[in-house]
Amino acid sequence: MTTAAVRAQPAANSPLLSVRNLKKEFPIKKGVFSRQVGAVKAVNDVSFDVAHGETLGVVGESGCGKTTTGRTILRLLEPTSGEIRFEGRDLRAMGTSELRAIRREMQIIFQDPVSSLNPRMTVGAIIREGLTIHKLAEGSAADARVSQLLREVGLRPEYANRYPHEFSGGQRQRIGIARALSVEPKFIVCDEPVSALDVSVQAQVINLLEDLQRDHNLTYMFIAHDLSVVEHIADRVAVMYLGKIVELASADDLYREPLMPYTQALLSAVPVADPKARKQRILLSGDVPSPANPPSGCVFHPRCHHPAKDAACTKIVPPLEEKEPGHFVHCIKQTPTTVSWEQQKAAGGVHPPERYLPLAAVHA
Amino acid sequence: MPSPLLSIRDLRTWFYTEGGIAKAVDGVSFDVGAGETVGIVGESGCGKSVTALSILRLIQPPGRIESGSVIEFEGKNLATLDDDEMRRIRGNRISMIFQEPMSALNPVFTVGDQVAEVARIHAGLGRRKAWDLAVETLALTGIPAPDERAKQYPHQLSGGMRQRVLIAMALIMKPALVIADEPTTALDVTIQAQILDLLVNLQKEFGTSILMITHDLGVVAETTSRVIVMYAGEIVEQASVTELFARPHHPYTEGLMHSMPHIGHDQERLNVIPGTVPAPTNWPTGCRFADRCPYSWDLTLRDHPPLYDVGAGHISRCHLAKEPERRNQPHPPLVVEEGVDAA
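In structure tokens, the structure reads:
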């Protein structure tokens, strides 16, 4: 992201979380000596801020790097390079004990409520663990806190003595939420928290997350592949593709006027629950390329449908630049752009940039 | 409708578990016409997948299709057909596309072999001819360079490509009926759009009937002409797709539609259906949705509702058909249970 882009982030005086040029590569090893022969660039130079009390939605398809971004921010995965600051404190400089202390303020809710709860522990023990580790409560005070947390997520306090397998998917997700809340965090990474749930239960959990955010002044990073869920819950949305943020804007702007051709295609692909809606669909050809060998220039160029797409797109890596106030887009063909027409021509460009917004494909 | 291709009457598929008899499918009746696309929609545990597996007779013990169930297809009752005859129908006249393309393919054979095998078994084709037909069918499903791809193993293909291979396997015998069980649930939205597009086009081209099983109302709206809504082992509503979305009658269907966020129509708070589906070993005696329903009254708790005709070919298993004025008096549902939103 350019420095201009960074400055134009939302108004909060200092962001709660600030991520700059974050990279996470997974080595590809081969042979008897496990020689490194390449790297999967799961997160490839990503920068963004999250303001106090907001919900930043992160959307994208499998393999785009959204989950890796979430886990790298919490240092559940070690970043390859880049900067992560939480309330100004540099997370990458922290040692084990400091990191453990700060995890009290940064929690995560996982997608799969089955594998993320220990089947041999009672619900009460699962929720208590954080209280014990962070020395927040013991004995009867801890019991009382567990009961209170269970009530808060809509479960009966008696359930503390039961085991995870006795609960439905939605109830297990509530247990995961209670565990995250137990240490009174400021920031929660919600990694596909409702993807495994049925529609009616999904709505219950989304409402619960919104209530808790309001009551506890929480900040969320909400990772999901479901665009309608993200529109509902997020204040701002980052769209990821092949390890990069390709568009970042307020939810209103992004869904009303998506400017990155990939976002346009993504929105046009969502099936509409209205048989009379006739949406023109942008059908992307082929699959997402491998993140071990991403395309040169703009990562989306092999599948792009922008009418001005040309050779320049295959050479120039687009900056994430501000096309409208607060609306950042990774595309040298959407006007305005800081990559001048002369530069584009020098890179083999033949079509001057133009504003392209196929609304008939985006809205039903 | 002229005589339907598939006609199911009082299908009951029960599982004899230690916890009691789970009546997963409990008295389901519907038809699928030739060339028609019918959707079955419902949430986990509603019985939609067990219905699909019952049609193909893929129910394993402790599950059993109860006597009296009729699955009439091309003049035969599949519920009572002997295993040999059933094998000749499965994969040949009726085929299935599964949700998870990785586990539905065998990792140690090339995808071309697996598609060709279907033609070798059902059409008795020789190795060469079956292979050529497999490559031809793979091409139909939009797989680029199909003769190269056919020589690859499942792990070498992406999720979308694997799903195309499964579609090729399902279509190679030009079956009369394809059952697609959540065919796009495991796929990303842009790949889902490609696959749905492919299914709709192939259906037009071959006139195959499709039974589309899904939890996604968007997929139903875009691909089907008639919709069946299932809840707690039974059909609760059935109508043409336009009728169902314009005038949902059953409170469960209504709740399902309102609890989904829609792009471009953001509301402050999502409507929820409180509570959870009752246990299949112990369905309530009255309406199975009564405790979660905002309109329930004494009758709904006592009498199990029949499928009422509510006009325009639309049927609904809800007593509101008899007392429609009660729809104007919603109340908090009776369910007082954990995991309930404080509605």
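Those sequence lines, one after another, are chains A and B.
Start counting at 1 in the first sequence, then tack on 888, and there's your number in this note's numbering.
Start counting at 1 in the second sequence, then tack on 9, and there's your number in this note's numbering.
Every residue gets a Cβ at the ideal spot worked out from N, C-alpha and C, and that includes glycine.
Measure the C-alpha to C-alpha separation of residue i and residue j and round it to an integer number of angstroms.
{"i": "Ser1178 (chain A)", "j": "Leu1172 (chain A)", "result": "16 Å"}
{"i": "Val41 (chain B)", "j": "Ile219 (chain B)", "result": "8 Å"}
{"i": "Gly1185 (chain A)", "j": "Val245 (chain B)", "result": "53 Å"}
{"i": "Ser78 (chain B)", "j": "Gly28 (chain B)", "result": "24 Å"}
{"i": "Arg1044 (chain A)", "j": "Ala185 (chain B)", "result": "51 Å"}
{"i": "Ala1180 (chain A)", "j": "Gly1064 (chain A)", "result": "33 Å"}
{"i": "Leu985 (chain A)", "j": "Arg991 (chain A)", "result": "Note that residue 985 (chain A) corresponds to Ser in the displayed sequence, not to Leu. So the two alpha carbons sit approximately 10 Å from each other."}
{"i": "Gln201 (chain B)", "j": "Ala1126 (chain A)", "result": "21 Å"}
{"i": "Gly169 (chain B)", "j": "Arg1191 (chain A)", "result": "15 Å"}
{"i": "Met221 (chain B)", "j": "Thr46 (chain B)", "result": "7 Å"}
{"i": "Val281 (chain B)", "j": "His1194 (chain A)", "result": "40 Å"}
{"i": "Arg235 (chain B)", "j": "Phe254 (chain B)", "result": "11 Å"}
{"i": "Leu1106 (chain A)", "j": "Glu942 (chain A)", "result": "8 Å"}
{"i": "Lys1197 (chain A)", "j": "Ala1157 (chain A)", "result": "21 Å"}
{"i": "Gln897 (chain A)", "j": "Arg1124 (chain A)", "result": "Because the pLDDT of Gln897 (chain A) is 48, which lies under 50, any placement of that residue in the model is unreliable, and the question is left without a value."}
{"i": "Phe1075 (chain A)", "j": "Glu252 (chain B)", "result": "45 Å"}
{"i": "Leu1024 (chain A)", "j": "Gln999 (chain A)", "result": "27 Å"}
{"i": "Gln1101 (chain A)", "j": "Ile1094 (chain A)", "result": "11 Å"}
{"i": "Lys1164 (chain A)", "j": "Ala1249 (chain A)", "result": "15 Å"}
{"i": "Ile1133 (chain A)", "j": "Glu94 (chain B)", "result": "55 Å"}
{"i": "Pro1240 (chain A)", "j": "Lys1221 (chain A)", "result": "7 Å"}
{"i": "Ala125 (chain B)", "j": "Arg66 (chain B)", "result": "23 Å"}
{"i": "Ala930 (chain A)", "j": "Val37 (chain B)", "result": "48 Å"}
{"i": "Arg129 (chain B)", "j": "Arg99 (chain B)", "result": "14 Å"}
{"i": "Gly926 (chain A)", "j": "Val1089 (chain A)", "result": "42 Å"}
{"i": "Ile272 (chain B)", "j": "Asp1114 (chain A)", "result": "10 Å"}
{"i": "Arg326 (chain B)", "j": "Leu15 (chain B)", "result": "22 Å"}
{"i": "Gly1018 (chain A)", "j": "Ile997 (chain A)", "result": "14 Å"}
{"i": "Glu109 (chain B)", "j": "Arg21 (chain B)", "result": "26 Å"}
{"i": "Gly322 (chain B)", "j": "Asp1141 (chain A)", "result": "42 Å"}
{"i": "Cys55 (chain B)", "j": "Asp156 (chain B)", "result": "41 Å"}
{"i": "Leu1038 (chain A)", "j": "Ala299 (chain B)", "result": "27 Å"}
How would you call residue i, buried or exposed, if buried means at least 16 neighbouring beta carbons within 10 angstroms?
{"i": "Gln1036 (chain A)", "result": "exposed"}
{"i": "Pro315 (chain B)", "result": "exposed"}
{"i": "Phe1110 (chain A)", "result": "buried"}
{"i": "Thr1020 (chain A)", "result": "exposed"}
{"i": "Glu332 (chain B)", "result": "exposed"}
{"i": "Gly48 (chain B)", "result": "buried"}
{"i": "Leu1247 (chain A)", "result": "exposed"}
{"i": "Arg1169 (chain A)", "result": "buried"}
{"i": "His1120 (chain A)", "result": "buried"}
{"i": "Ala33 (chain B)", "result": "buried"}
{"i": "Leu904 (chain A)", "result": "buried"}
{"i": "His1189 (chain A)", "result": "buried"}
{"i": "His1053 (chain A)", "result": "exposed"}
{"i": "Ile64 (chain B)", "result": "buried"}
Below 8 Å on the Cβ atoms is my contact criterion, and I expect residue i with residue j to pass it. Report the Cβ-Cβ distance as a whole number of Å.
{"i": "Gly1057 (chain A)", "j": "Pro1001 (chain A)", "result": "6 Å"}
{"i": "Arg1067 (chain A)", "j": "Ile1015 (chain A)", "result": "5 Å"}
{"i": "Ala132 (chain B)", "j": "Leu147 (chain B)", "result": "Not confirmed; about 16 Å, so no contact."}
{"i": "Ile74 (chain B)", "j": "Phe39 (chain B)", "result": "Between Phe39 (chain B) and Ile74 (chain B) the Cβ distance is about 16 Å, and since that is not below 8 Å, they are no contact."}
{"i": "Tyr1047 (chain A)", "j": "Val1011 (chain A)", "result": "5 Å"}
{"i": "Ile961 (chain A)", "j": "Val1071 (chain A)", "result": "Between Val1071 (chain A) and Ile961 (chain A) the Cβ distance is about 17 Å, and since that is not below 8 Å, they are no contact."}
{"i": "Phe286 (chain B)", "j": "Ala241 (chain B)", "result": "The question names Phe, but residue 286 (chain B) in the sequence shown is Val. The pair is a contact, with the Cβ atoms about 6 Å apart (cut-off 8 Å)."}
{"i": "Ala1161 (chain A)", "j": "Ala230 (chain B)", "result": "5 Å"}
Say yes only if the C-beta of residue i is nearer than 7 Å to one or more non-hydrogen atoms of the ligand GTP, and no if none qualify.
{"i": "Leu87 (chain B)", "result": "Looking at this structure, you won't find the ligand GTP or any other ligand, since it has none at all."}
Which partner residues does residue i have in the DSSP bridge list?
{"i": "Cys1078 (chain A)", "result": "A:Ile997 and A:Phe1110"}
{"i": "Thr247 (chain B)", "result": "The sequence shown places Gln at residue 247 (chain B), not Thr. According to DSSP, which records beta bridges pairwise, Gln247 (chain B) is partnered with B:Ile237 and B:Ile324."}
{"i": "Trp23 (chain B)", "result": "B:Arg73"}
{"i": "Ser1138 (chain A)", "result": "A:Arg1124"}
{"i": "Ala189 (chain B)", "result": "B:Ile106 and B:Met221"}
*asked:* So if I threshold CB-CB distances at 9 Å, which residues from the stretch 1102-1114 of chain A count as touching chain B?
replied: Of all residues in the stretch 1102-1114 of chain A, His1113 and Asp1114 have a Cβ within less than 9 Å of some Cβ in chain B.
*When Cβ atoms are compared, which residues of the stretch 279-307 of chain B fall closer than 8 Å to chain A?*
Under the 8 Å Cβ criterion, the stretch 279-307 of chain B contributes Leu279, Asn280, Val281, Ile282, Pro283 and Thr285.
*Near-chain A residues of the stretch 220-252 of chain B - C-beta to any C-beta below 7 Å*: Listed in sequence order: His224, Asp225, Leu226, Gly227, Val228, Ala230, Glu231, Val250 and Thr251.
_Proximal residues, the stretch 1122-1141 of chain A versus chain B, C-beta separation under 7 Å_ = Those residues of the stretch 1122-1141 of chain A that come within reach of chain B (Cβ to Cβ, closer than 7 Å) do not exist; the list is empty.
*asked:* Residues of the stretch 12-45 of chain B in Cβ contact with chain A at a cutoff of 7 Å, in chain order, please.
replied: Shown here is that no member of the stretch 12-45 of chain B has a Cβ falling below 7 Å from a Cβ of chain A.
_Short-range partners of chain B found in the stretch 1165-1177 of chain A, where Cβ spacing is below 7 Å_ = Listed by position, the residues of the stretch 1165-1177 of chain A near chain B (Cβ gap below 7 Å) are Arg1169, Leu1171, Leu1172 and Asp1175.
*the stretch 1151-1163 of chain A: which residues have C-beta closer than 9 Å to a C-beta of chain B, in chain order?*
In summary, the residues of the stretch 1151-1163 of chain A whose CB is separated from some CB of chain B by less than 9 Å are Ala1153, Leu1154, Leu1155, Ser1156, Ala1157, Val1158, Pro1159, Val1160, Ala1161, Asp1162 and Pro1163, in the order they occur in the chain.
*Taking any Cβ of chain B, which residues in the stretch 1206-1229 of chain A have a Cβ under 8 Å from it, in chain order?*
Residues: none.
*asked:* Any C-beta of chain A within less than 8 Å: which residues of the stretch 46-76 of chain B qualify?
replied: Residues of the stretch 46-76 of chain B that bring their beta carbon within less than 8 Å of a beta carbon in chain A comprise Glu52 and Ser53, in sequence order.
*Mind listing which residues of the stretch 937-955 of chain A have their C-beta closer than 8 Å to chain B's C-betas, in chain order?*
Only those residues of the stretch 937-955 of chain A whose C-beta falls short of 8 Å from the nearest C-beta of chain B are listed: Glu949 and Ser950.
*Cβ-based contacts, 8 Å cut-off: residues of the stretch 1074-1097 of chain A near chain B*: Residues of the stretch 1074-1097 of chain A with a C-beta less than 8 Å from any C-beta of chain B: Asp1086, Val1087, Ser1088, Val1089, Gln1090, Ala1091, Gln1092, Ile1094, Asn1095 and Leu1096, listed in chain order.
_Within 8 Å of chain A by C-beta, residues of the stretch 127-138 of chain B in sequence order_ = Of all residues in the stretch 127-138 of chain B, none is placed with a Cβ closer than 8 Å to any Cβ belonging to chain A.
*When Cβ atoms are compared, which residues of the stretch 992-1017 of chain A fall closer than 9 Å to chain B?*
Listed in sequence order: no entries.
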